[in-house]
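Take a look at the structure set out below.
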Amino acid sequence: MKNIITSSIAMLVILLGFTSCNNGNQSGGKSGALSNNIAEKVYVAPGEYDSHYAFISGGYSGNITVYGLPSGRMFKEIPVFSQFATSGYGYSEETKPMLNTSHGFVPWGDSHHPDISQSKGELDGRWVFINENNTPRIARISLTTFETEEIIEVPNSAGNHSSSFVTENTEYVVAGTRFSVPIPQRDMPIKDYKGNFQGALSFISVAPETGNMDIKFQVLMPGFNYDLSHPGRGKSHGWFFFTTYNTEEASTLLEVNASQNDKDFIAAVNWKKIEEYVNNGGGKMMPANYAHNLYDEHTHTATSTMKKEVRVVNPIDVPGAVYFIPTPKSPHGCDVDPSGEYIVGNGKLSANLTVHSFTKMLDAIEKEKFAGEAYGIPILNFEDVLAGVVEQPGLGPLHTEFDGKGNAYTTFFISSEVVKWKIGTWEVIDRKPTYYSVGHLTIPGGNSGKPQGKYMFAMNKITKDRYLPTGPEMEHSAQLYDISGDKMELLLDFPTHGEPHYAAAMEASIIKEQSQKIYKLADNKHPYAAKSDADTKVVRNGNEVHIYMTTIRSHFSPDNIEGVKVGDKVYFHVTNLEQDFDVPHGFAVLGQNNSELLIMPGQTKSSVWEPKQVGVWPFYCTDFCSALHQEMQGYIRVSAADSDVPIKWSLGEDIE
Amino acid sequence: MKKASIIMIIGSLLLLGLFKFPLWNIMLGAPQYPDPLGMNIHIDGIKGVSEFDLQNIDGLNHYIGMKTIPKAEEMWEFSVFPKVIFGMVLLGIVIGLLGFFNKVSYKYFIGWFVLMSILGVLGMYDFNNWLADYGGNLDPHAIIKVTNPDGTPMSYKPPLIGFKKLLNFDVTSLPHTGGYLMFIGMSLTLVSFWLGRKTSLKKTTS
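Residue numbers (this note's numbering), protein chains in the order written: chain U, 23 to 678; chain R, 1104 to 1309.
Rendered as structure tokens:
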């Protein structure tokens, strides 16, 4: 009996052996059993590169994180709206102006929707824009330095949420307000909201060469909540679409009071028409106060300018510029397919998904088939504009992206899944769970005329048991799916930093080659730069002491400083003389009340230090720069306020 | 003989490549330098392969007490070499032209080649001496001092030609475009000698 079992097993093993051999032969070795090897699809071997960049919003961290796909590895956190001790962003003298606003210095932000610049409807990899929701601002990040270059505050806005999406040729980056407010701001009873509050939709022009932003005009809309937006493209280029909720205009318990209307609106804005109106002198300049902060790569310094007026446009002054499309149940995401024909309204309280037709919309407008008006803005008939309905796809639809192959992918927050459906037939093709409660999803090139539909990732709001527990607070989870086949395939689960709202992703090939390695010292125009040891000095100016300091492997120059007194304001201006890729130096001094500095090759950064105690205090390099990094240190002598120790500095010899 | 003379002229003209392209190239790769640092040795000075390579090589070499890479004005070679090369080109053309009009015999071609070879060997000898001094004449106060097993200080002399491991660096030293053009040019003058000899032998036998 035992023999029979043994030989049967042996036979079985042999048979299995044959079977797998056959598989191997049929498919040329690589696929077969291995085709199911999901690990292989996300494995990026040491030394090899990911195929895609993903720029993931950091939410309340205020920043952007840069990830690689398909590995899910994080490469960098780019500080945008929040102080960042790692580099000194927002702490250094040069970067403090970046966080200046009309409300003073705001050290943090709530970043939401990154969007990559486009040319002719395709991602061009020049810049990433991202909005700050809380103190309304839009930032522009360079994709050569991967640093924030510009931040513009958006006046008359509150809850800058339907932002920061770019038009087909990056003519505009658009910022809509989620919260309507009195415009101009004034002291008035909250209960008088209805009819008195307004919502500003801001069209911020982007200079083609520099990327510099300027608010071209703001459309002052009725006091609804403008939730999300997307540009028209292709045939609908020149239009912009915004979802609204709270068309009830409630100012309290919105949870109930803003959920009463069966339908809210998608606002269709013909920005080309308004642009023409404005170019002909239309609209009016209104007093305002908002910050425009620009970082100069050559002075390595940001400047903040307060702007004092903004052009506003009343939509009813521009006939044919704005229409309302009724859309069921407090729509959240407002997504336009790559052809520009279909506008998806993700009615978050609706069981169905509503898709509008741009062609039908134009037709209804031409025939003036209006169901009524709201504050003078024509309302179209729901049925006239409707392209189709995806019936019962899931619960709580939020956002839709497209793969460029005729399919759409919608996230469902409540049923925690991504549903793939077909444009035109509106049939559901596939559904896959997410872990858990997905918000946005991203397909590389998603907001463009040419999605790069190989991967899709879902960014979730709830993590729970996905990773090893780390106490009550944990990072959110994201899932990466292969969408190259008919069915979505879950590949990877990776944590994201802060709260990722949206993310923008694109093929790595364009950006990779343009990424800058160093700043040229010869181009450094910082007023306090010391470009060689000969330029180093210490200068007293009243109670301000300016130290022009250099760093190079492995010393500071000077590294002995005397003559500083308690009560002085000491500016360490540190220039990194290195011109070698990836050799930053750090600067830290004991009792620094701001943050360290991390100075890239060729760069100058300044840290203010206000010594409060007499003594001899060390400073050192915080970045392990070289074999003699530990020796990269110095001393600064602090004397009593009334002492007469003269200013002196030295390197390599005893201070005399 | 006309053909041989033309080849002689072309051969010597190829030396002009040295005024445009590097004679020699030394590349230094290390774990920290996946994109290696490199220096191109031209007849009139040393240049970095990338913009900041020389500065970065000097920066690294200060740890082991090496002198900085010499500027063109710091070595007599860089003012003499261009003159010598130019002179040899002129001489080659003159010999070629005279050969073309049958004023000199093909033997002058080999004469030019032998002279050029002697100068070349002297140049290599001089270059090797510089490499030895550059790699071995170290600051006694160097931060990092590495000794050979016998206690003598380690030399960081790059190889004259070929590959050598120097601490964490993989050093490769090879001729560059200008050098190759020179070798081709010199070979052509040999060819011209051989051709000249063949035609002259034909003449005498026929």
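Every residue, glycine too, gets a C-beta built ideally from N, C-alpha and C.
No experiment lies behind these values; they were computed from the predicted model shown.
| Item | Value |
| --- | --- |
| R/Leu1222 - containing alpha helix (DSSP H), residue span | Lys1210 to Gly1239 |
| Residues of its chain near U/Thr166, where Cβ-Cβ distance is below 6 Å and the 5 sequence neighbours each way are ignored | Gln536 and Gln538 |
| is_contact[U/Leu673, chain R] using C-beta, thresh 8 Å | no |
| C-alpha gap between R/Val1217 and R/Phe1296, whole angstroms | 11 Å |
| Same chain, Cβ closer than 6 Å to U/Lys351, five either side skipped, listed in chain order | Gly369, Leu371 and Ser372 |
| Chain R within 8 Å of U/Asp676, Cβ atoms only | no |
| 8 Å Cβ cutoff, U/Ile574 in contact with chain R | yes |
| Contact belief for U/Val450 with U/Val441 at Cβ below 8 Å, rounded distance in angstroms | 6 Å |
| Buried versus exposed call for U/Asn615 [16 or more other C-beta atoms within 10 Å across all chains shown] | exposed |
| Where U/Gln601 meets chain R, residues with beta-carbon distance less than 9 Å | Glu1154, Phe1155, Gln1158, Asn1159 and Gly1162 |
| Three CB pairs or more closer than 8 Å across the stretch 297 to 310 of chain U and the stretch 146 to 156 of chain U | no |
| Proximity winner among U/Asn218, U/Thr269, U/Val596 and U/Ile78, relative to U/Pro16 (alpha-carbon distances) | No information on residue 16 of chain U is available, as it lies outside the stretch 23 to 678 that chain U covers here. |
| Same chain, Cβ closer than 8 Å to U/Ser576, neighbours up to 5 away in sequence not counted | Cys643, Cys647, Ser648, Ala649, Leu650, His651, Glu653 and Met654 |
| CA-to-CA distance, R/Met1142 to R/Met1130, given in whole angstroms | 6 Å |
| Start and end residues, alpha helix (DSSP H) containing U/Gln536 | Ala530 to Gln536 |
| U/Asn728 burial status per 10 Å Cβ neighbour count (16 or more: buried) | Because chain U spans 23 through 678 in this model, residue 728 of chain U falls outside it and cannot be assessed. |
| 7 Å Cβ shell around U/Lys444 - same chain, five flanking residues per side excluded | Gly428, Asn429 and Ile451 |
| Cβ of U/Glu556 within 8 Å of any chain R Cβ | The amino acid at residue 556 of chain U is misidentified as Glu; the sequence shows Ala. No, because no Cβ of chain R sits closer than 8 Å to the Cβ of U/Ala556. |
| Spatially closest choice to U/Met496 from U/Gly520, U/Gln474, U/Ser251 and U/Val66, by CA coordinates | U/Gly520 |
| Unbroken stretches of the alpha helix (DSSP H), 4 residues or longer, contained in the stretch 457 to 537 of chain U | 530 to 536 |
| Paired residues, beta bridge with U/Asn368 - DSSP | Note: U/Asn368 sits in no beta bridge, so no partner. |
| Own chain residues within Cβ distance below 6 Å of U/Lys257, not counting five before or after | Gly362 |
| Residues bridged to U/Ile677 [DSSP beta-bridge criterion] | According to DSSP, U/Ile677 bridges with nothing at all. |
| Burial state of U/Gln207 (16 or more Cβ within 10 Å) | exposed |
| Exposure of U/Ile338, with buried meaning 16 or more beta-carbon neighbours within 10 Å | exposed |
| Cα-Cα separation between U/Gly637 and U/Arg659, rounded to whole angstroms | 6 Å |
| Residue from U/Asp515, U/Gly398 and U/Asp209 whose Cα sits closest to the Cα of U/Lys63 | U/Asp515 |
| Candidates R/Gly1114, R/Ile1110 and R/Ile1109, of which the one nearest R/Met1285 by Cα | R/Gly1114 |
| Distance, U/Gln601 Cα to U/Ser559 Cα | Note on identity: in this sequence residue 559 of chain U is Lys, with Ser being the wrong assignment. Answer to the nearest angstrom: the Cα atoms are 22 Å apart. |
| One or two residues paired with U/Thr626 in a DSSP bridge | U/Thr597 |
| Proximal residues to U/Ser49 (C-beta, below 6 Å), its chain only, five neighbours per side dropped | Confidence at U/Ser49 is low in this model, with a pLDDT of 39, below 50, so its placement is unreliable and the value that follows should be read with caution. Within the same chain, U/Ser49 has no close Cβ partners at all. |
| Whole-number beta carbon distance between U/Lys295 and U/Gly254, since they are thought to touch under 8 Å | With 8 Å as the limit, U/Gly254 and U/Lys295 do not qualify as a contact, their Cβ atoms being about 12 Å apart. |
| U/Cys43 (DSSP reduced to helix, strand or coil) | Note that U/Cys43 scores a pLDDT of 42, beneath 50, so its modelled location is shaky; the value from the coordinates is reported in the next line. Three-state result, U/Cys43: helix. |
| Chain R contact for U/Ala649 (CB, 8 Å cutoff) | yes |
| Opposing strand residues paired with R/Lys1267 [DSSP bridges] | R/Val1274 |
| Chain U residues whose Cβ lies nearer than 9 Å to that of R/Tyr1166 | Arg575, Ser576, Ser648, Ala649 and Leu650 |
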